[in-house]
Structure formats: C-alpha cells, structure tokens
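All remarks here apply to the structure that follows.
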Amino acid sequence: MTEAEPLQQVDRTCVQTGAGQLAYFSGCDYFRMASHPRVVRAAREALRTRGLNVAASRVTTGHHALYDQLERRLAEFFQAEDALLLPSGYTTGLAVAQALAGRFTHAFIDERAHVCLLDAARFLDCPLVKFNHRDAAALARRLRACGKEAKPLVLTDGMFARDGAVAPLKEYLEVLPRNGVILVDDAHGSGVVGIHGRGALEHAGVGRRQIIQTITLSKAFGAYGGAVLGTRELRARIVRAGRLFPGSTPVPLPLAGAALAAVELLAADGRFLQRLRRNTDRVRVALRRNGWDVPETPGPIVALPPMDARPSSALQRRLLAGGIYPPLICYPGAPAGGYFRFVISSEHTAAQLENLTGVLAAYAARRAAAEKSAA
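To get our numbering, take the position in the sequence shown, counting from 1, and add 2.
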C-alpha cells in the first residue's frame with residue numbers, strides 16, 4: 003500500500019488536486035460536519051478559552067469538564083448507560099479488549115471486520131475464529147462447535163465501510179449464548195444508520211444487553227476521537243484494569259468541543275439524515291436504471307463491482323473529465339485491484355449528484371456497446 007496524493011478540501015463537497023477542483027465522493031464525513039460553520043466555531047472557541055492540549059492522562063492531571071460534558075451527551079444521544087471518550091476510534095476496541103482480557107474462552111470475528119478489531123482480538127487471551135461475512139448461520143455453527151461451557155465474544159463492524167451493509171445483530175443475538183457478548187465497531191454506522199442515526203443497534207431494533215458499541219467521532223461527527231458506549235461497570239473496568247485509557251493523552255480540547263457541537267447538531271436537526279438518505283436513494287435509483295448492479299444497503303455508500311485494470315483506468319479518466327475525483331479504493335481486505343466506492347453526503351447538490359450518475363451512466367452504456375460489438 004502506498005500513500006495517497008495530497009488533497010485540499012476547498013469547500014464542503016469539493017477538493018483541490020493536481021487536476022484542479024473536483025467534486026468529492028470519498029472519505030467518511032457523511033454530513034460534512036468537519037467544515038460546518040458551527041462545528042468550526044466550537045473548535046475555535048475551545049482553542050481560545052481552553053487551549054490546545056491537556057498534556058496528561060485523564061487519570062492524573064489531564065481530566066477536563068469538557069470531556070465529561072461530551073461523554074454525557076454521547077450517552078444521551080445513543081441511549082447508553084455510559085460513554086467513555088478515547089483518543090481515536092481505532093483505539094476503542096483495543097481498550098475494551100484490554101479491560102475484558104481473560105473473560106472469554108473464544109472470540110469470533112466477521113471475515114471482513116475492520117483491522118482494528120483484529121488488533122483488539124490480540125488482547126483477549128483466547129482463540130480467534132473467523133466466520134462468513136454477515137452470516138448468522140455460519141456464526142451459529144462456530145458457536146455450537148465450542149461447546150455449552152464456552153464464553154464467546156463476537157467482533158463485527160456495525161456498518162461495513164466497503165459497501166454500507168450492516169451486521170445482522172438481531173440474528174446474532176438469537177444464536178448467541180446467554181453468557182456471550184458482541185463487540186460492535188460502529189465507526190461508520192454511528193450517526194448514519196437507524197431512524198435517529200444511533201447506529202447499527204437502532205437499525206437492527208435491538209437493545210444493549212450483551213452488546214458493547216464503539217464509535218468514532220471522525221466520520222459522521224466530523225471531529226476526532228472515539229467512545230465506548232456501554233455500562234458504568236464497563237467504563238470503570240476500562241479506566242481501572244486497562245492500559246490504553248490511563249496511559250494515553252485524551253482528545254485535544256478543540257476537537258472535543260467540535261464533536262460536542264456536531265452531536266448537538268445531529269440530535270436537533272433530523273434534516274441531515276433526511277438529505278443523506280434522499281441523496282443516496284437518488285444515486286442508486288439512477289445507477290440501476292442505467293445498468294449498474296448496485297446493492298441495496300442502509301449506508302450512504304455506493305460500491306461498484308471490482309474491475310480489471312483497463313476498465314478501471316478508463317472509468318478513472320471519465321470521472322476526471324467529468325470533474326469528479328475518482329474514488330478508487332485500495333485498502334486492506336479490498337479486492338486486489340481496488341474498487342470504486344462513492345460516498346454520498348447530505349451536502350452534495352442535486353447538480354453534483356446528476357453529474358455523477360450521468361458520467362457513470364455514459365460509461366456503462368459505452369462499455370455495454372463495446373461488449374456487444376466484440377461478441
């Protein structure tokens with residue numbers, strides 16, 4: 003894997019590259035909160051009044067009232083008993099696994115789970131077994147093979163970044179033993195799926211019994227940091243028995259202030275979610291009408307089927323010619339040649355969406371004509 007080219011975001015839906023200013027359908031800033039005026043103002047105000055960094059662990063002299071305020075608001079928004087803020091979304095699963103190490107006999111992980119969960123599983127001190135992607139029956143078979151005395155932990159993404167699909171949490175709970183737990187990395191689903199944007203649990207219509215939800219603040223909320231949503235007992239255990247939380251410096255205060263403002267915005271204004279879903283539906287309908295096989299998923303992600311090098315290069319050129327940054331993703335777990343992953347935002351304009359679907363429709367028509375001629 004190589005580093006990507008530098009991009010300069012020039013407004014809420016465009017980036018500046020060597021090829022000029024292009025419409026941007028990449029990243030994970032689903033509501034463009036990172037550039038929302040209220041969120042930016044909150045970051046500036048926190049910087050002005052509170053400084054940049056507490057420069058210490060929260061268990062020593064690095065605690066701050068702003069962290070308490072953000073945690074209370076997150077727990078309220080996600081309807082969890084408690085929330086614990088951590089330095090990044092990637093570290094949330096690690097902190098949970100450190101705190102719960104030795105409590106499970108087996109761990110089971112979705113074969114397409116994010117790499118942060120694979121890293122977290124290393125701390126669990128138990129065997130790790132993969133199961134088929136989003137397959138409750140496959141998980142059930144794995145669980146039965148471990149015997150009735152097993153204490154399993156299931157690790158899965160809430161919403162999968164590859165295509166916007168969600169984990170079938172209700173079906174997982176139906177096959178999970180009473181002493182089992184599911185750790186849901188809901189980095190992409192939090193703020194995005196569910197009636198109110200509370201994530202994969204709300205989308206599945208399940209409660210928090212036997213489920214630990216972790217989130218990031220760097221995607222739907224446009225800031226930075228992560229949080230564990232669970233019981234007060236779990237929070238206390240991470241603080242007391244883990245190493246990551248007491249051994250790390252917390253989120254910079256301006257970013258905590260920005261995250262708090264973003265949570266308030268999404269909680270108060272349901273139009274963000276309405277626009278996001280309307281824009282996503284518009285793109286999917288147009289693409290299907292023009293021959294693209296686009297799966298129906300809850301997330302605002304449109305993933306095209308993997309292509310060989312020649313058609314992939316041809317589509318990249320057409321996107322650039324149409325003023326669109328080509329979102330070809332080459333990432334751990336992705337197809338070898340990468341794939342095109344278009345992320346739809348609540349803030350994309352109708353003209354930008356029409357341009358995107360028009361470019362993709364024209365490409366599909368030209369390719370179909372070429373295949374027909376060759377046959």
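Positions of the beta carbon are idealized from the N, C-alpha and C atoms, including for glycine.
Item, Value
"Once DSSP output is grouped into helix, strand and coil, what is the label at VAL17?", "strand"
"If we require 3 or more residues per run, which beta strand (DSSP E) segments fall completely within the stretch 181 to 225?", "183 to 187, 213 to 218"
"What is the DSSP secondary structure of GLN10, counted as helix, strand or coil?", "strand"
"Short of 8 Å in beta carbon distance, which residues of its chain neighbour THR15, apart from the five on each side in sequence? Order them along the chain.", "ALA25, TYR26, ARG34, SER347, GLU349, HIS350, THR351, GLN354"
"At which residues does the beta strand (DSSP E) containing LYS132 begin and terminate?", "130 to 133"
"Going along the chain, which residues of its own chain have a beta-carbon closer than 7 Å to the beta-carbon of LEU87, five neighbours each way excluded?", "TYR69, LEU72, GLU73, GLY227, ALA229, PRO252, VAL253"
"Is it buried or exposed for CYS118, if we count other Cβ within 10 angstroms and need 16 for buried?", "buried"
"Can you check DSSP and say which residues form a bridge with THR158?", "VAL186"
"Check ALA316 in the structure and name its three-state DSSP category.", "helix"
"Going by DSSP, what residue range makes up the alpha helix (DSSP H) through LEU88?", "Counting along the chain, LEU88 falls outside any alpha helix (DSSP H), though it belongs to the beta strand (DSSP E) covering 84 to 88."
"Could you give the first and the last residue of the continuous alpha helix (DSSP H) run that contains GLN100?", "91 to 102"
"Using only alpha-carbon positions, find the residue among ARG180, ALA109, PHE247, PHE162 that is nearest to VAL345.", "PHE162"
"Grab me the residues of GLN100's own chain with a C-beta within less than 7 Å of its C-beta, minus the 5 sequence neighbours each way, in chain order.", "PHE125, GLY244, ARG245, LEU246"
"Between the alpha carbons of PRO248 and VAL208, how many angstroms are there, rounded?", "32 Å"
"So, using beta-carbon positions, are ALA147 and THR299 closer together than 8 Å?", "no"
"Using DSSP with H/G/I as helix, E/B as strand and the rest coil, what is GLN71?", "helix"
"Is it buried or exposed for PRO302, if we count other Cβ within 10 angstroms and need 16 for buried?", "buried"
"Quick check: the Cα distance between LEU236 and VAL186, rounded to an integer number of angstroms?", "14 Å"
"Is ALA258 near the ligand NAD, judged by its Cβ being under 7 Å from some heavy atom?", "The ligand NAD is absent from the structure shown, which contains no ligand whatsoever."
"Along the beta strand (DSSP E) that carries ILE346, what are the first and last residues, could you check?", "Element bounds for ILE346: n/a, residue is neither H nor E."
"Restricting to Cα atoms, I'd like to know which of GLU204, ILE240, THR63, TYR341 is closest to LEU96.", "ILE240"
"Could you tell me which residues DSSP pairs with PHE342 in its beta bridges?", "LEU330"
"Can at least three beta-carbon pairs, one atom from the stretch 104 to 112 and one from the stretch 126 to 133, be found at a separation below 8 Å?", "yes"
"Considering LEU49, what are the terminal residues of the beta strand (DSSP E) in which it resides?", "Per DSSP, LEU49 belongs to no beta strand (DSSP E); it is in the alpha helix (DSSP H), 39 to 52."
"Where does ALA140 sit, in a helix, a strand or coil, going by DSSP?", "helix"
"Mind checking whether TYR32 and ALA222 have CB atoms under 8 Å apart?", "yes"
"Less than 8 Å between the C-beta atoms of THR233 and ALA189, yes or no?", "no"
"Going by DSSP, what residues sit across from VAL230 in a beta bridge?", "LEU86, THR216"
"Taking a contact to mean a Cβ-Cβ separation below 8 Å, would you say LEU76 touches LEU257 in this structure?", "no"
"With LEU255 and LEU54 assumed to form a contact (beta carbons below 8 Å), what rounded beta-carbon distance in angstroms separates them?", "7 Å"
"Near GLN10, what residues of its chain come up, given a Cβ to Cβ distance below 6 Å and the 5 sequence neighbours on each side ignored?", "GLN18"
"Name, in chain order, the residues that DSSP records as bridge partners for ASP112.", "PHE133"
"Return yes when the Cβ of TYR333 is within less than 8 Å of the Cβ of PRO308, no when it is not.", "no"
"Thinking just about the alpha-carbon of each residue, which of GLU151, GLY149, ALA138 is nearest to the one in LEU157?", "ALA138"
"Between which residues of its own chain and HIS116 is the CB-CB distance below 6 Å, once the five residues before and five after are set aside?", "ASP159, ASP187"
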